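If you want the working numbering, it's the position in the sequence shown, counting the first as 1, plus 635.
Cβ atoms here follow ideal geometry from the backbone N, Cα and C, with glycine treated the same way.
Being a predicted model, the structure only gives us computed values, none of them experimental.
Quick notes on the structure that follows.
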Amino acid sequence: MTRAALPPPAQKAGSAENSAGPVAASVPLAAWLLLLCLTFAWGSMWPLLKLALTEIPLLTFRAGSAACAGLIMFGVAAISGIALRPAAGEVRKVVLCAAVNVTMWFFLSALAVTYLPAGRAALLAYTMPLWALVVGVLFLKERLTLRRCLGVAAGIGAVLVFAWDDLRTAGAAGIGIAAILAAALTWSVGSTLQKHFNFKTPVSVLVAWQFVLGSMPLMALALGTEETSWIADISMPVIASAVSVTLISQAFGLWCWSMILKLTDMAFASIAVLTVPLMSQVLSILFLGEPFGPVELAGMLLITFGLATVLPLDQMARRLKR
């Protein structure tokens with residue numbers, strides 16, 4: 636995600652847009668360039684989001700950015716000549732995924748950033764594949780191996796390292812930790828649902844509807860609880876951050892992800908799950924002045940190790956040797 640809201644990690648598609656096609660013998664140069672763009676687009680979201688939330692109310696910003704990103708995706712689909720309606724029988728499924736992937740993810744991830752450093756929030760958010768594994772084992776009868784157990788254990792270890800440090804230095808950070816872990820769990824449930832539903836609706840249309848539908852509850856809450864006096868005092872850096880999150884992190888990032896899946900396979904696309912949180916950490920240090928010490932290093936290494944045990948990177952390594 637976005638994640639901004641991310642497409643399912645293993646979505647099986649029924650349309651030409653969704654289909655990744657036969658796995659090529661080598662990764663095309665375009666896929667590497669798109670991966671680089673995706674890493675920056677999604678990695679920059681976390682420090683930009685933290686900056687935007689310093690002046691824009693949480694619900695207002697997340698609702699507005701989701702709605703705008705959805706309209707952009709509708710425009711992309713329309714220009715491509717793709718029908719804008721969901722496939723027959725998939726409306727209720729789209730609504731359910733919108734509630735999980737957009738409404739809950741957007742709210743919880745933004746809430747977490749208000750309490751945690753942006754880089755740390757990104758690292759914890761990208762433990763999603765670890766929790767997706769747990770969900771798959773519990774509800775989809777997926778196989779649990781020793782390697783996968785080690786990955787989940789490493790993820791839990793990273794959470795404990797960050798929790799100990801945050802609660803020791805600032806008790807309120809516990810809210811942020813709980814929020815980002817709930818967001819990661821939400822992301823994993825949403826991805827599992829989309830994989831299970833096996834949507835026939837094209838990716839751009841599917842995500843556009845999720846953005847728009849998922850923004851509606853957030854907008855309703857914003858109109859009922861948040862004031863608008865901030866509009867008169869908003870600064871240009873915050874405006875630029877808000878626009879960048881919407882256009883670059885959400886709309887452009889999602890387009891990059893979708894194109895990667897068209898050009899290659901999930902073994903290659905999964906590299907982004909490792910590179911994005913690292914990029915977020917670097918950008919948060921450079922532009923927000925966030926600290927990077929032993930705690931951040933330990934957490935980053937644990938999460939990287941954990942992800943490497945559950946992602947299909949062995950498939951990627953075999954492809955690169957061809």
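Applying the 10 Å Cβ sphere with the 16-neighbour rule, what's the burial state of residue i?
i	result
Ala-718	exposed
Phe-741	buried
Lys-728	buried
Pro-752	buried
Phe-774	exposed
Ala-875	exposed
Ser-850	buried
Who are the near neighbours of residue i in its chain, counting only those whose CB is closer than 6 Å to its CB and skipping five residues on each side?
i	result
Ser-915	Gly-678, Trp-681, Gly-754 and Ala-757
Thr-836	Pro-721, Ala-722 and Glu-725
Phe-922	Pro-682
Leu-669	Cys-891, Met-894 and Ile-895
Thr-881	Ser-700, Cys-703 and Ala-704
Leu-841	Phe-834
Phe-832	Lys-728
Ala-857	Leu-694, Thr-695 and Ala-698
Ile-920	Phe-927
How close, in whole Å, do the beta carbons of residue i and residue j come, if the pair is a contact with beta carbons under 8 Å?
i	j	result
Thr-674	Val-911	6 Å
Ala-808	Tyr-750	5 Å
Leu-942	Leu-889	Contact flag wrong, Cβ pair sits at about 21 Å.
Thr-944	Arg-782	5 Å
Ser-905	Leu-946	4 Å
Of all Cβ atoms in chain C, is any one closer than 9 Å to the Cβ of residue i?
i	result
Ala-793	No chain C is present in this structure, which holds just one protein chain.
What is the DSSP secondary structure of residue i, reduced to helix, strand or coil?
i	result
Ala-718	coil
Ile-869	coil
Ala-875	helix
Glu-925	coil
Leu-683	helix
Gly-724	coil
Phe-903	helix
Ile-791	helix
Asn-833	coil
Arg-755	helix
Gly-931	Just to set this straight, residue 931 is Glu in the shown sequence, not Gly. Here Glu-931 sits in helix by DSSP.
Could you pull out every residue in the same chain whose Cβ sits closer than 8 Å to the Cβ of residue i, ignoring the five residues on either side in sequence?
i	result
Val-794	Leu-759, Thr-762, Ile-812 and Leu-816
Ala-745	Leu-684, Leu-688, Leu-693, Phe-696 and Arg-697
Gly-870	Sequence check: residue 870 is Ser here, not Gly. Around Ser-870: Glu-690.
Ser-879	Ser-679 and Leu-683
Glu-862	Pro-692
Using only the alpha-carbon positions, how far apart do residue i and residue j sit?
i	j	result
Val-772	Ile-866	47 Å
Val-769	Ala-704	31 Å
Val-930	Leu-848	39 Å
Ile-1003	Asp-868	Because the chain in this structure spans residues 636 to 957, residue 1003 falls outside the shown range and cannot be described.
Phe-846	Ala-666	25 Å
Leu-937	Gly-786	9 Å
Lys-897	Pro-764	21 Å
Ala-701	Ala-733	11 Å
Thr-601	Ala-819	Only positions 636 to 957 of the chain appear in this structure, which leaves residue 601 out of reach.
Gly-859	Pro-852	11 Å
Gly-792	Phe-927	18 Å
Ala-767	Phe-797	21 Å
Phe-940	Val-737	28 Å
Val-735	Val-824	8 Å
Phe-709	Ser-715	10 Å
Ala-814	Ala-855	21 Å
Val-873	Trp-822	26 Å
Val-917	Gly-934	14 Å
Ala-788	Ala-907	21 Å
Ile-961	Leu-664	This structure cannot settle anything about residue 961, because the visible part of the chain is limited to 636 through 957.
Ala-877	Gly-924	19 Å
Ala-747	Phe-887	23 Å
Asp-800	Thr-899	40 Å
Ser-864	Gly-790	41 Å
Leu-743	Leu-913	21 Å
Lys-776	Cys-784	15 Å
Which residues in the same chain as residue i place their Cβ atom closer than 7 Å to its Cβ, once the five residues preceding and following it in sequence are excluded?
i	result
Val-730	Leu-848
Cys-672	Cys-891
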